[in-house]
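K.L.:
What follows is a single structure, and I will ask about it in a moment.
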Amino acid sequence: MRHELAKTKNVRLFISAVGELRNRPLGVEGMGLLWGEPGEGKTTVVAYAANTMDGIFLRANACWTVTAMLGALVTELGGAPRARRSVMMDDISQRLMNQDRVIFIDEADYLFRQTEMLDTLRDIYDLTGAAVVLIGMERIARTIQDRGRFARRITQWVEFKGVDLDDARTLADTVCEVKLADDLLEHLHREAKANVGRMVVGLSRIEQMAKTSGLETVTLDDWADRPLYFDQPKFRKRG
1 MRHELAKTKN VRLFISAVGE LRNRPLGVEG MGLLWGEPGE GKTTVVAYAA NTMDGIFLRA
61 NACWTVTAML GALVTELGGA PRARRSVMMD DISQRLMNQD RVIFIDEADY LFRQTEMLDT
121 LRDIYDLTGA AVVLIGMERI ARTIQDRGRF ARRITQWVEF KGVDLDDART LADTVCEVKL
181 ADDLLEHLHR EAKANVGRMV VGLSRIEQMA KTSGLETVTL DDWADRPLYF DQPKFRKRG
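Numbering (full-length UniProt numbering), first residue to last: 1 to 239.
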């Protein structure tokens, strides 16, 4: 498998949205949101965007606090965490005003567990004008819409949905080292329910089978009735 990013419609839409945030005119808010179900490729495209745009990539987690968030951000900006939040806020603000960088926060759903974290992030944005992109699960968009003061700052709303067959072909041609015939690609797309993550798992299995069998192109007949996935088993309740 090749470690390359497939430029699907979802990916192109997100990259374009981030570009608009970076180059927005004066007076236009500069926050964005990327959301979608697990396995739609959100984290992969955000890591790519952060690397190619010299962005700041942070991953929230269940243990995050305001202090932890500020410490992670100041570290990415080249500073050092401090005991006092106010000192870190001042340091972060100065550094961001001198660096044109986008802040990407993955697993942003965790931010909504503490109002103080959201308020602090909003303060950083208001003070510096740095573009901020949140990445979360499918329910985060509704959660944000219920918070009017925060929602009005978001001008780029991007939802990652399942890919169509054209994107499935783009994905297969980009990451898989063997060729898939159209009938096998359609089978994979259907079995994966258009989910990018599951498609990549299936492509890996197809590639492994093709290399073992000496095939450069794999058809549905070649694949036969082999399973594409080994899903979790279902157990009967006892007692």
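Just so it is clear, CB atoms sit at the ideal spot from N, CA and C, and this is done for glycine as well.
Since we're looking at a predicted model, the values are computed, not measured.
1) Could you please give the first and the last residue of the uninterrupted beta strand (DSSP E) stretch that includes residue 160?
2) Can you name, in chain order, every residue of its own chain whose Cβ lies under 6 Å from the Cβ of residue 76, other than the five neighbours on each side?
3) When burial is assigned at 16 or more other CB atoms within 10 Å of the CB, is residue 12 buried or exposed?
4) Which parts of the stretch 144-212 are runs of the beta strand (DSSP E), unbroken and 3 residues or longer, counting only runs that do not cross its ends?
5) Since residue 36 contacts residue 159 with CB under 8 Å, what's their CB separation in whole angstroms?
6) List the whole-angstrom C-beta distance separating residue 122 from residue 150, where the pair is believed to meet the contact cut-off of C-beta under 8 Å.
7) When the Cα atoms are used, what is the spatial distance from residue 180 to residue 221?
8) Is it right to say residue 173 is buried, meaning 16 or more other beta carbons lie within 10 angstroms of its own, or is it exposed?
9) Give the secondary structure of residue 239 by DSSP, where H, G and I count as helix, E and B as strand, and everything else as coil.
10) How about residue 100 and residue 59: are their beta carbons less than 7 Å apart?
11) Do residue 78 and residue 91 count as a contact pair if the criterion is CB distance below 7 Å?
12) DSSP has residue 136 in a bridge; who is on the other side?
13) Between the beta-carbon of residue 196 and the beta-carbon of residue 40, is there less than 7 Å?
14) Along the beta strand (DSSP E) that carries residue 112, what are the first and last residues, could you check?
15) DSSP has residue 57 in a bridge; who is on the other side?
P.N.:
Let me spell this out:
1) 154-160
2) 56
3) exposed
4) 154-160
5) 6 Å
6) 6 Å
7) 11 Å
8) exposed
9) The predicted model places residue 239 with a pLDDT of 47, which falls under 50 and marks its position as unreliable, so this point remains unresolved.
10) no
11) no
12) 35
13) yes
14) Taken as a continuous stretch (DSSP letters only), residue 112 belongs to no beta strand (DSSP E), as it is neither H nor E.
15) 104
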